[in-house]
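Step one of this worksheet: look at the structure below.
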Amino acid sequence: MSSRSELANAIRALSMDAIQRAKSGHPGAPMGMADIAEVLWNDFLKHNPNNPDWADRDRFVLSNGHGSMLIYSLLHLSGYDLSIDDIKNFRQLHSKTPGHPEYRDTPGVETTTGPLGQGICNAVGMAIAEKTLAAQFNRPGHLVVDHHTYTFLGDGCMMEGISHEACSLAGTLKLGKLVALYDDNGISIDGEVEGWFTDDTPKRFEAYGWHVVADVDGHDAGAIKQAIEAARAVTDRPSLICCKTIIGKGSPNKQGKEDCHGAPLGEDEIALVRKTIGWPYAPFEVPDAVYSGWDAKAAGAASESAWNERFAAYEQAHPELAAEFKRRTCGELPAQWSEMADEYIQSVNALALKVASRKASQNAIEGYAPALPELLGGSADLAGSNLTMWSGSRALSADDASGNYLHYGVREFAQAAIMNGIELHGGFRTYGATFLVFSEYARNALRMAALMEISPIHVFTHDSIGLGEDGPTHQPVEQTATLRMMPQMAVWRPCDAVETAVAWRSAIERKNGPTSLILSRQGLAHMARSGEQIAAISRGGYVLLECEGVPDAIIIATGSEVELATQAAQTLKEAGRQIRVVSMPSTDAFDAQDAAYRESVLPAAVSARVAVEAGVTGYWAKYVGLKGRVIGIDSFGKSAPAAEVYNYFGITTEHVVKAVEEVVA
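To convert, note that position 291 of the sequence shown is 317 in our numbering; the numbers rise steadily by one, no gaps.
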């Protein structure tokens, strides 16, 4: 039987060989954390390589994702569908072992990591999901949700501000099943971190309310095991285990130095490593005894089988809860969802209210949420402005996690990354909110959701210069356009309550990417529509106001500017012009329609076009063409009442009329 050191050395060997073959990568972290990983995965991690999606598995997150060969080695050795050829193809096109761990690409990878600090936040989200799901579904004598979230993180993750945001909240919520193992090697890309990172990390986490195990020898299996046991024994606080390690452990000339952080060791050094650690095998050769020591398939199958028996008993005792658990963890919507959503949208249309779209959004949550117990909402300390709470909202707390609302505090970046973790865990559809201008704080986590094609819903209110007196620091100008430019990000800027209800429905039904709902502070007039027009809203762009015969011009608008467009069309009609108004709440949804539909809305024969949106103008060029005009704002805003700001920047009915006359002439 292989020794612990030999099992850990298999990680070191596979990592250095794969990185050398790829001629790029980061050997330092996998070699330095090999001993920690061996103890965690072989002695504690509850998982089944035959079923990476088993609902009650422990979650493992490699927050310092540049050390990706660590997780690939672990997955390969323990029996996941990741072959030695996949290891050899590290960092190659279309391989299952990309440069950083990517969700969906590799079985067993729980989240895409690489941008430092986000993995720990994803882990916080997963731990919140576990605690909340357990509170909602577990019953006396029936623990169907009972697992841990483990995460590895390094100095870079600790330095990133997002880790401060998320770990502070994790302590407040007392996430006792979250265990973070800190690779405290004192080295980052630029060298020894003492020149730029002198935080007392244990005290920092103690101040957050974490249980801290400090000064653990990260190369002593016994000490590591004892530390993890201590962490698991503390159930009322998350735990941080500070592991003192040597980066690149086993490399006689490069260990302990930045040289091994982000570059292959080189053939000569690798030969020396083999001698130093006593690994006499050829590159990518792992002896059967080592594979046997790592193989987790039998233990994993037994763990899942035992859980299946527990779930069967739960199903007998609580059949309705069990059915709901299955539905939610499979990500299925309720059977009557479509019918209920249709009825709600029709009821909103019948009310014909003039209301801010942020209020219409709250109404939509109120309308949909009773049928969707999986909705887990929140706001970055702006619930009263974002209007994300509804009559059934119950806040999560450290002592009662059975609710459906999270007060994230002023933590926009962590909020978005934690939402990603909740979505990845399963069992919930999550939404979170802030002002649109502060989407910038959350930007990289939004991008990560889009990259992973997971579907959190972001409620971004106060969407334009229309918020008025708060001025340019709070008036978003470029944010909507840049969100639209993000691949896989759905963006909706509805013009009234009906479009808002449709936007929410689309977001809830979406399964392959996040949604940004861009919502107004100011009241928006109801737009009269036929049933056919209501049905067309979900296509992203549709004819809202038609003219007789061939249009002289087409006005395209979104959000609060749709009312301006319709008023301009009426003025132009009185002057004898034939004007079509197109509402385009979601450009990406419109672009996804077939060519025939897009032509029916924006016929190529009508080149006279004007787009109106209170934001940067460049995005609209593809819709209006070289001969068209865009009414918008290509500078920062001003502090003044909303109507005055709109007048100052020329986003008025009169300017739209003038622009149409110019393009028609």
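Even for Gly, the Cβ is constructed at its ideal location relative to N, Cα and C. Quick caveat: nothing in here was measured; it's all calculated off a predicted structure.
Candidates the options: which alpha carbon is nearest residue i's?
i	options	result
phenylalanine 351	Leu159, Cys269, Ala409 and Leu88	Leu159
arginine 353	Phe662, Ser50, Asp69 and Ala81	Ala81
alanine 551	Ala339, Leu179 and Pro520	Pro520
valine 463	Ser481, Ser490, Lys114 and Ile444	Ser490
methionine 553	Ala523, Ile581 and Leu543	Ala523
alanine 332	Arg83, Leu66 and Val656	Arg83
glutamate 680	Val381, Thr355 and Glu587	Glu587
proline 127	Phe86, Ala153 and Gly151	Phe86
asparagine 764	Met478, Thr132 and Ala424	Here the chain has residues from 27 to 691 only, and residue 764 is not among them.
tyrosine 176	Leu142, Leu66 and Glu330	Leu66
alanine 153	Asp172, Ser609, Thr678 and Leu142	Asp172
glycine 404	Phe454, Val381 and Ile659	Phe454
Are the beta-carbon atoms of residue i and residue j separated by less than 8 Å?
i	j	result
glutamate 295	lysine 275	no
isoleucine 303	asparagine 68	no
alanine 637	glycine 654	yes
glutamine 278	leucine 291	Reading off the sequence shown, one finds proline at residue 278, where the question assumed glutamine. In this structure, leucine 291 does not lie closer than 8 Å to proline 278 by Cβ.
asparagine 74	alanine 361	no
asparagine 90	glycine 447	no
glycine 105	proline 56	no
arginine 117	glycine 51	yes
leucine 195	tyrosine 467	no
alanine 591	valine 576	no
leucine 108	histidine 102	yes
alanine 155	histidine 451	yes
isoleucine 273	glycine 54	yes
alanine 247	aspartate 61	yes
leucine 628	isoleucine 580	yes
threonine 132	glycine 145	no
isoleucine 480	glutamate 438	no
Could you check the C-alpha separation between residue i and residue j for me, to the nearest Å?
i	j	result
glycine 585	leucine 545	8 Å
alanine 622	phenylalanine 616	12 Å
aspartate 241	tyrosine 208	10 Å
tryptophan 518	proline 611	5 Å
arginine 38	lysine 283	16 Å
alanine 339	glutamine 162	17 Å
lysine 229	leucine 266	11 Å
aspartate 368	threonine 541	20 Å
alanine 324	asparagine 430	37 Å
tryptophan 646	arginine 635	10 Å
serine 665	histidine 245	59 Å
arginine 565	methionine 59	50 Å
threonine 499	serine 411	17 Å
isoleucine 582	proline 166	58 Å
serine 661	threonine 526	28 Å
glutamate 346	glutamate 335	17 Å
glutamate 574	glycine 357	46 Å
glutamine 548	glycine 557	26 Å
isoleucine 371	valine 683	32 Å
cysteine 268	aspartate 210	6 Å
glycine 420	proline 399	Before going on, a small fix: residue 420 reads as arginine here, not glycine. When rounded, the distance between both Cα atoms is 12 Å.
alanine 395	arginine 531	11 Å
I'd like the span of the alpha helix (DSSP H) that includes residue i, first residue to last.
i	result
cysteine 268	Not the alpha helix (DSSP H): cysteine 268 falls in the beta strand (DSSP E), residues 265-270.
phenylalanine 351	345-356
phenylalanine 3	What the structure shows of the chain is the stretch from 27 to 691, and residue 3 is not part of that stretch, so it cannot be assessed.
alanine 240	That residue, alanine 240, is in no alpha helix (DSSP H); its beta strand (DSSP E) goes 237-243.
arginine 300	293-303
threonine 526	523-535
alanine 206	Segment 204-210 is the beta strand (DSSP E) holding alanine 206; no alpha helix (DSSP H) there.
valine 588	587-600
threonine 506	505-510
arginine 655	First-last for arginine 655: 655-657, but that is the beta strand (DSSP E), not the alpha helix (DSSP H).
I need the boundaries of the beta strand (DSSP E) containing residue i, first residue and last residue.
i	result
serine 665	Where serine 665 is concerned, there is no enclosing beta strand (DSSP E), given that its DSSP letter is neither H nor E.
threonine 175	175-180
tyrosine 457	455-461
arginine 230	It is not in any beta strand (DSSP E) - arginine 230 instead sits in the alpha helix (DSSP H) that spans 227-234.
valine 636	635-638
valine 569	568-571
serine 121	Premise fails: serine 121 is in no beta strand (DSSP E) and is neither H nor E.
phenylalanine 223	Counting along the chain, phenylalanine 223 falls outside any beta strand (DSSP E), and DSSP gives it neither H nor E.
tryptophan 518	516-518
Under 8 Å: do the segment 197-216 and the segment 231-247 share three or more Cβ pairs, one atom per stretch? yes
Between the segment 410-426 and the segment 437-446, are three or more C-beta pairs nearer than 8 Å? no
Closer than 8 Å is the cut-off here; do at least three beta carbon pairs connect the segment 487-505 with the segment 449-465? yes
contact_flag[the segment 466-484, the segment 492-512] where n(CB pairs < 8 Å) is 3 or more: yes
Counting Cβ pairs closer than 8 Å, one from the segment 179-188 and one from the segment 218-225, do we hit at least three? yes
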